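J.: Here it is, the structure, as structure tokens.
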Amino acid sequence: MLEAARTDNLNLYTYSEVEAVDGFVGNYTVKIREKARYVTNECNGCGSCVDVCPAYGYNEFNENMDSRKAIYVAFDQAVPSIAQIDMDRCIKCGLCQGACDLDAIDFDQEDQLKELKVGSIIVATGWEEYEPEDGYLGYNEFPNVITQMKLERMLAPNGPTVGHLVRPSDGKRPKRILFIQCVGSRDLNRNTYCSSGVCCMITIKNSKLIQQHYPDSDITVAYMDIRAAGKDYEQYFTQSRKAGIKYIRTNISRIKEDPETHNLKVLMQNTLRDSLGLHEHEFDLIVLSAAMIPPSDSGKLKDILKLETSQDGFFKEYHSRLNPIDTKVPGIVLAGVSQGPKSIAESIAQGRGAASSLARLLGKDKYRISLIRAKVDKEKCSGCSLCELNCPYDAITLVEEGAEVNEILCHGCGTCLANCPSEAITLRYYKEPQYERQIDAILEEL
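Here you go:
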């Protein structure tokens, strides 16, 4: 991000969201809403305002495990390093204004709409961690059941516990730790897909990290299948087992909490070795490896960009094997987990592919299209708008004279032709007289 911010011909719009997109490849108009920070760009991130602020809120970056001030910098590496005010927590005391030597605090600041002209769009919206429903595997029911993201923030030196692993219930270090895999994924009642082995590798990484910091830890991983399919992944998994981390292929039957110690009693069976039935094991901490899911606002962006999503909610590519980068809309491509769960290495590779694809496209003076496109006979068109409603590429708009086809967006699929009650639409090179002559020629040979 810092390198991007320092690049002269690259503009960053942080704390912003896309409001609308119009146009076509080479000529897109994008409206962006820059949200009000209530702090101007004069801010240098010195933190004087944060020091004097008396109001507190939950720290979202640390998974709400600690607090932050009502005026704050989102996280230490934020670009740009500009503070913002949480108006839901701010008490309007004015102490931050008095502490700021640059007069950067502006309580009257409002959202700003900006309009950009761009030739192409890369969708790289990332992902969110699946949040289990209350009570599922003890989540939000027992304090010592946490997710991988919370564990990540705990183990981080700049996290809420300064890198120390502690139990939320009493602040003590847990010795017996259970990782539960495939939480919310590979599940017919939640998400049917696998998160591309990412959850497995995060568990292996974090379990090894805990073992290195606390050699007396007793770590168990409850899994369906370990999917270590990437380069050197299997070797990493083998090293984890040699380090003493136990892997049990099992499904969790029940989790109960000891009300006095807050330890967790888990009923499970080793499906590979144990034929004697279920056994109860006790743990100090449980970590849930939850699924990767699309961002909560991806549905809104789907409508704005007129894209399709697959059944799991991720953006749909043009072809899953032959063209996994492009979308059905020319000039809009996908990168990273916006298209589906994948690792960092895979996301980088797809991001570079997306950039290369668009560089080739925008580096040309002309955009080549197939001539097989829909044509409207304005004299026959009744203006019923059925073609506009049924076009899967949003290539048809209704104007005063009748339906109008955007030949850049049109793919020549013929959906509009099939839906037109007035027979006002034809496909170039696929007119009825042509078919009639072909049929006549075939019949003559018979």
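In short: position in the sequence shown from 1, add 558, done, that's the numbering used here. Glycine is no exception: its CB is placed at the ideal position from the N, C-alpha and C atoms. From a predicted model like this one, the values you see are computed outputs, not experimental measurements.
Leaving out the 5 sequence neighbours to the left and right, which residues in its chain are closer than 8 Å to residue 797 when beta-carbon positions are compared?
T.: Position 239 of the sequence shown, counted from the start, is the residue given in the question as residue 797. Counting only Cβ-Cβ distances below 8 Å, and skipping sequence neighbours, we find 766.
J.: Measuring only the C-alpha atoms, how far is residue 805 from residue 954?
T.: By 1-based counting over the sequence shown, the position of residue 805 is 247. By 1-based counting over the sequence shown, the position of residue 954 is 396. For residue 805 and residue 954, the distance between alpha carbons rounds to 56 Å.
J.: With a threshold of 16 other CB atoms inside 10 Å of the CB of residue 578, please say whether the residue is buried or exposed.
T.: Within the sequence shown, the letter at position 20 stands for residue 578. Burial call: exposed.
J.: Put residue 854 into one of helix, strand or coil per three-state DSSP.
T.: Within the sequence shown, numbered from 1, the residue matching residue 854 stands at position 296. Here residue 854 sits in coil by DSSP.
J.: Going by alpha carbons, who is nearest to residue 705 out of 772, 736, 934 and 655?
T.: Translated into the one-based positions of the sequence shown, residue 705 becomes position 147. Among 772, 736, 934 and 655, the Cα nearest to that of residue 705 is on 736.
J.: Label residue 875 either buried or exposed according to how many other C-beta atoms from any shown protein chain fall within 10 Å of its C-beta, with 16 as the threshold for buried.
T.: Translated into positions along the sequence shown, residue 875 becomes position 317. Buried.
J.: To which residues does DSSP link residue 873 through a beta bridge?
T.: Taking the first residue of the sequence shown as 1, we reach residue 873 at position 315. Answer by DSSP bridge pairing, in chain order: 867.
J.: Just to confirm before moving on: does the CB-CB distance between residue 568 and residue 700 stay below 8 Å?
T.: Within the sequence shown, the letter at position 10 stands for residue 568. Within the sequence shown, the letter at position 142 stands for residue 700. Going by C-beta atoms, residue 568 is not nearer than 8 Å to residue 700.
J.: Am I right that residue 784 and residue 777 are in contact with their C-beta atoms under 8 Å? What's the rounded C-beta distance?
T.: For this step, residue 784 is matched to residue 226 along the sequence shown. For this step, residue 777 is matched to residue 219 along the sequence shown. Not really, about 14 Å apart at Cβ, beyond 8 Å.
J.: In the structure shown, what three-state DSSP assignment does residue 956 receive?
T.: In the sequence shown, residue 956 corresponds to position 398, counting from 1. Looking at residue 956 - three-state DSSP - the assignment turns out to be strand.
J.: Hey, could you find the ends of the alpha helix (DSSP H) residue 506 is sitting in?
T.: Look at the range of the chain in this structure, 559 to 1004, and you will see that residue 506 is not part of it.
J.: Bridge partners for residue 838 per DSSP, in chain order?
T.: Within the sequence shown, numbered from 1, the residue matching residue 838 stands at position 280. According to DSSP, residue 838 bridges with 825.
J.: Looking at C-alpha atoms only, which residue of 605, 615 and 634 is the closest neighbour of residue 559?
T.: Your numbering for residue 559 matches position 1 in the sequence shown. Here the closest residue by C-alpha is 634.
J.: Quick check on DSSP: helix, strand or coil for residue 739?
T.: As a working mapping, residue 739 is identified with position 181 in the sequence shown. Here residue 739 sits in strand by DSSP.
J.: Contact between the stretch 640–656 and the stretch 594–602 is defined here as three or more beta-carbon pairs at a separation below 8 Å; is this criterion met?
T.: yes
J.: Within 10 angstroms of its Cβ, does residue 881 collect 16 or more other Cβ (buried), or is it exposed?
T.: For the purposes of this step, residue 881 is taken as residue 323 along the sequence shown, with counting starting at 1. Exposed is the call here.
J.: Report buried or exposed for residue 687, applying the criterion of at least 16 other Cβ atoms within 10 angstroms of its Cβ.
T.: Taking the sequence shown and counting its residues from 1, the one referred to as residue 687 is at position 129. That one is buried.
J.: May I ask which residues mark the beginning and end of the beta strand (DSSP E) holding residue 585?
T.: Working through the sequence shown from its first residue, we reach residue 585 at position 27. Start and end: 585–592.
J.: Could you give the distance in angstroms between the alpha-carbon of residue 762 and the alpha-carbon of residue 780?
T.: Numbered from its first residue, the sequence shown carries residue 762 at position 204. Numbered from its first residue, the sequence shown carries residue 780 at position 222. Their Cα atoms are separated by approximately 12 Å.
J.: Who are the Cβ neighbours of residue 1006 in its own chain at under 7 Å, not counting the five residues just before and after it?
T.: The chain is shown only over 559 to 1004; residue 1006 falls outside these bounds and no answer can be derived.
J.: Using 8 Å as the threshold, is the stretch 787–803 in touch with the stretch 657–672, meaning 3 or more CB pairs across them?
T.: no
J.: Let me confirm a value: residue 856 is counted as buried when at least 16 other C-beta atoms fall within 10 Å, else exposed. Which label applies?
T.: Walking along the sequence shown from the start, residue 856 turns up at place 298. By the 10 Å Cβ count, residue 856 comes out buried.
J.: Going by DSSP, what residue range makes up the beta strand (DSSP E) through residue 680?
T.: Position 122 of the sequence shown holds residue 680. Unbroken beta strand (DSSP E) run through residue 680: 679–681.
J.: Take residue 656 and list the residues in its own chain whose beta-carbon comes closer than 7 Å to its own, dropping the five residues that flank it on each side.
T.: Position 98 of the sequence shown, counting from 1, holds the residue named residue 656. Around residue 656: no qualifying Cβ.
J.: If I measure Cβ to Cβ from residue 816 and keep anything under 7 Å in the same chain, skipping five residues before and after, which residues do I get?
T.: In the sequence shown, counting from the first residue as 1, residue 816 sits at position 258. Excluding positions up to five away in sequence, the list reads 823.
J.: Relative to the C-alpha of residue 652, which candidate in 976, 660, 665 and 644 has its C-alpha closest?
T.: On the sequence shown, position 94 is the one that residue 652 refers to. Looking at the Cα atoms, 665 is the closest of the given residues.
J.: What's the gap between the Cα of residue 872 and the Cα of residue 924?
T.: What you label residue 872 is simply residue 314 of the sequence shown in a count that begins at 1. What you label residue 924 is simply residue 366 of the sequence shown in a count that begins at 1. Cα-Cα distance, rounded: 31 Å.
J.: Out of curiosity, what's the CA-to-CA distance linking residue 588 and residue 581?
T.: Counting from 1 along the sequence shown, the entry for residue 588 is found at position 30. Counting from 1 along the sequence shown, the entry for residue 581 is found at position 23. Each residue's Cα considered, the two are about 9 Å apart.
J.: What does DSSP give as the partner residues of residue 581 in its beta bridges?
T.: The sequence position of residue 581 within the sequence shown is 23, counting from 1. Partner(s): 586.
J.: Check whether the Cβ atoms of residue 758 and residue 770 sit closer than 8 Å, and answer yes or no.
T.: Position 200 of the sequence shown, counted from the first residue, corresponds to residue 758. Position 212 of the sequence shown, counted from the first residue, corresponds to residue 770. In this structure, residue 770 does not lie closer than 8 Å to residue 758 by Cβ.
J.: If you follow the alpha helix (DSSP H) that residue 845 is part of, which residue opens it and which one closes it?
T.: Here residue 845 is taken as the residue at index 287 of the sequence shown, counted from 1. Note, residue 845: premise wrong, no alpha helix (DSSP H); beta strand (DSSP E) at 843–848.
J.: Using DSSP's beta-bridge definition, name the partner residues of residue 643.
T.: On the sequence shown, residue 643 is found 85 positions in, with the first residue counted as 1. 629.
J.: For residue 897, count the other beta carbons within 10 Å of its own beta carbon; 16 or more makes it buried, fewer makes it exposed. Which is it?
T.: Here the question's residue 897 lines up with position 339 in the sequence shown. So residue 897 ends up on the buried side.
J.: I'd like the list of long-range same chain contacts for residue 959, defined as Cβ closer than 7 Å, with 5 residues on each side in sequence excluded.
T.: Indexing the sequence shown from 1 puts residue 959 at position 401. Around residue 959: 936.
J.: Note the first and the last residue of the continuous alpha helix (DSSP H) segment covering residue 796.
T.: For the purposes of this step, residue 796 is taken as residue 238 along the sequence shown, with counting starting at 1. Per DSSP, residue 796 belongs to the alpha helix (DSSP H) from 791–800.
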